[in-house]
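Residue numbers for the sequence shown follow my numbering, so the first one is 632 and each next one is one higher.
Every residue, glycine too, gets a C-beta built ideally from N, C-alpha and C.
This structure is a prediction, so every number in the text was calculated from the model and none was measured.
Written below as structure tokens is the structure these notes are about.
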Amino acid sequence: MVGPEIYHNPVFGRTLSRPGASFAKTRCGLILSDSCLNPLYANLEACRILNPNPESVLESLKQQLSKVAGGFDLHTPFILNFMSGRRHYICRALPLEVVPEQILANALQPTVVFLFERSHICGADFDLVATAYRLTPRELDSLTLLTEGLSSKEIGVRMRVSPNTVKAFLRSVMSKMGVCTRTELMKKFLDHSYLALASEDTQAHP
632 MVGPEIYHNP
642 VFGRTLSRPG
652 ASFAKTRCGL
662 ILSDSCLNPL
672 YANLEACRIL
682 NPNPESVLES
692 LKQQLSKVAG
702 GFDLHTPFIL
712 NFMSGRRHYI
722 CRALPLEVVP
732 EQILANALQP
742 TVVFLFERSH
752 ICGADFDLVA
762 TAYRLTPREL
772 DSLTLLTEGL
782 SSKEIGVRMR
792 VSPNTVKAFL
802 RSVMSKMGVC
812 TRTELMKKFL
822 DHSYLALASE
832 DTQAHP
């Protein structure tokens with residue numbers, strides 16, 4: 632395995648993977664941060680997902696982590712769905728147990744692990760949403776293609792209808808699901824899918 636090309640940051644006294652460095656491909660992005668969300672380490676996949684400004688990688692990653700983790704208690708594990716570009720991702724945040732003496736000795740101890748993964752949506756997720764919100768087959772088709780990051784024009788080509796017809800389908804889906812934008816639509820779709828999955832896991836493993 633080829634290791635990541637890294638550079639030393641004199642401010643934080645840590646190393647950080649540099650975007651564009653040679654690194655064995657992985658589907659999981661990893662970032663270690665301190666309690667203030669200063670990144671102490673990030674692998675190439677995390678940089679690819681969050682796409683930081685190459686002129687200020689550390690500050691840009693910190694801003695991205697702040698957006699992702701905003702409103703969550705960093706002392707408690709959490710999972711959320713978010714979009715980067717046209718793609719949908721899952722972020723899992725796991726607090727690290729740090730001995731108090733270590734915190735006093737070094738304020739830059741890693742305290743949170745962020746794991747980023749591409750969201751894999753299966754047919755069962757669409758079936759759940761279609762049933763819950765009474766979507767028609769064509770509305771479901773348009774939603775399915777939207778989750779692939781396609782534009783209205785591209786969806787229209789796949790469905791063999793005009794872009795305006797696609798927009799009409801999606802407006803109807805948004806109305807039924809109680810949202811106003813495509814971003815909100817995708818968030819509600821993903822939230823609904825993962826809540827259903829969590830419910831099934833709870834029933835299977837009470």
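Endpoints, beta strand (DSSP E) assigned at Glu748: As a position in the sequence shown, residue 748 is number 117, starting the count at 1. Here the beta strand (DSSP E) through Glu748 covers 743–749.
Note down the Cα distance separating Leu711 from Glu728, rounded to an integer number of angstroms. Here residue 711 is taken as the residue at index 80 of the sequence shown, counted from 1. Here residue 728 is taken as the residue at index 97 of the sequence shown, counted from 1. Each residue's alpha carbon lies about 21 Å from the other.
Given 8 Å as the limit, is there contact between the stretch 687–696 and the stretch 662–673, that is, 3 or more CB pairs closer than that? yes
Using the Cα positions of Gly787 and Thr778, report the straight-line distance between them to the nearest angstrom. Residue 787 sits at position 156 when you count from the first residue of the sequence shown. Residue 778 sits at position 147 when you count from the first residue of the sequence shown. The C-alpha of Gly787 lies about 14 Å from the C-alpha of Thr778.
Counting only the same chain and skipping the five closest in sequence on each side, list residues whose C-beta sits under 7 Å from that of Met808. What you label residue 808 is simply residue 177 of the sequence shown in a count that begins at 1. Closer than 7 Å at Cβ, skipping near neighbours: Tyr764, Leu816, Lys819.
Would you say Ser783 touches the ligand NAP, meaning its beta carbon is less than 6 Å from a heavy atom? With respect to small molecules bound, the structure shown includes none, and the ligand NAP cannot be examined in it.
Counting only the same chain and skipping the five closest in sequence on each side, list residues whose C-beta sits under 7 Å from that of Val810. Position 179 of the sequence shown, counting from 1, holds the residue named residue 810. Excluding residues within five positions, the ones whose Cβ falls inside 7 Å are Leu816, Lys819.
Sub-7 Å separation of Phe703 and Cys722 beta-carbons: To locate residue 703, count along the sequence shown from 1; it is residue 72. To locate residue 722, count along the sequence shown from 1; it is residue 91. If you check the CB distance, Phe703 and Cys722 do not come in under 7 Å.
With DSSP as the reference, label Asp822 as helix, strand or coil. For the purposes of this step, residue 822 is taken as residue 191 along the sequence shown, with counting starting at 1. Under the three-state reduction of DSSP, Asp822 is assigned to helix.
In whole angstroms, give me the CA-to-CA distance for Pro635 and Leu663. As a working mapping, residue 635 is identified with position 4 in the sequence shown. As a working mapping, residue 663 is identified with position 32 in the sequence shown. Confidence in Pro635 is poor, its pLDDT being 34 and thus under 50, which makes the residue's placement too unreliable to answer from.
Quick one: what does DSSP say Phe668 is sitting in, helix, strand or coil? Counted from its first residue, the sequence shown places residue 668 at position 37. This sequence places Leu at residue 668; Phe is not what is there. Leu668 falls in the coil class under three-state DSSP.
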